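Input: a single structure, listed below in structure tokens.
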Amino acid sequence: MLKNYKRSAEALVATLGRHGISDPEVLNCLEITPRHLFVDTVLQHKSYENTALPIGQGQTISQPLVVARMTELLRQAGVRKKVLEVGTGSGYQTAVLAQLFDEVYSIERIKALQWQAKRRLHMLDLYNVAMKHGDGWQGWASKGPYDGIIVTAAAAQVPQALLAQLADGGVMVIPVGEQHQVLTLYQRQGQQFIENKLAEVRFVPLVPGALS
């Protein structure tokens, strides 16, 4: 386990602040969440660099700046209670959400990653997260509607099933596109969805279906 990581975490948070993250609760959450627990031992020395890292199965743990930005966007939109995360991955983004929102529902298509993430969350005593092994394109309708939805992989087109699971007034933050990906925020107003394109990003693709 990485020793004396707190100084590295403080330096990371200072970097996030310089890149425009201003929500003090988001910054504090990233400072106290031990990112090194969410990567393989051989990569732990890179845990507090502002970069994405491989976690196996062709997936990555997102860049801390992206984790902070997507989380901040939900909070800026007034989301506090019920959030759906599409793409559990390592569980790092999940752990951040669990500390800032009342209820977190997280879906992952790769069962091995889901199992590892659940173990890590329990190590951190985070028990307000419900997990599902399934197809992220379809979301988790039986637990909806959601005040916020965060998608941690890039969809070629916006999944209509996810939009349908937003509560009225709720927001979804999602990277959209294939070669050219844009982080986009959708806000539901009745049966209309207001689109706000934010920034170019780079995520692994949101693949339909589930793997055992």
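Residues 0 to 211 in numbering that gives the first Met the number 0 are what the sequence shown spells out, letter by letter.
Glycine residues also receive a C-beta, built at the ideal position from the N, C-alpha and C atoms.
Quantities reported herein were computed from a predicted structural model and do not represent experimental measurements.
- When Cβ pairs closer than 8 Å are counted between the two stretches, the stretch 112–124 is seen not to touch the stretch 59–78, the count staying below three.
- Judged by DSSP in its simplified three-state form, Ala97 adopts helix.
- For Asn49 against Leu96, the beta-carbon gap comes to about 19 Å, at or over 8 Å, which does not count as contact.
- Val82 sits close to Gly147, with the two beta carbons spaced by under 8 Å.
- In this structure, the beta-carbon distance from Thr151 to Gln190 does not fall below 8 Å.
- Inclusion of Gln164 and Gly143 in the CB contact set at 8 Å is warranted, their separation being smaller than that value.
- As summarised for the stretch 58–138, the continuous alpha helix (DSSP H) elements at least 4 residues long and confined to that stretch are 63–75, 91–99, 110–122, given in chain order.
- Nearest to Arg187 by alpha-carbon distance, out of Asp167, Leu52, Lys196, Arg201, is Asp167.
- Gln180 sits close to Arg201, with the two beta carbons spaced by under 8 Å.
- Gln98 and Cys28 do touch by the CB rule: their CB atoms are close to 5 Å apart, below 8 Å.
- Put simply, the backbone Cα of Ala155 is about 24 Å away from that of Ala76.
- Membership of Thr14 in the alpha helix (DSSP H) is indicated by the continuous run 4–17.
- Under DSSP, Arg201 forms no beta bridge with any residue.
- In the displayed model, Asn195 falls within a strand according to three-state DSSP.
- Under a 10 Å Cβ-count criterion, Glu199 is classified as exposed, with fewer than 16 other Cβ atoms of the shown protein chains found around its own Cβ.
- By the neighbour-count definition (other C-beta atoms within 10 Å, threshold 16), Tyr126 is an exposed residue.
- Counting only the Cα atoms, Ile193 lies some 20 Å from Arg79.
- Per DSSP, reduced to three states, the secondary structure at Ile173 is strand.
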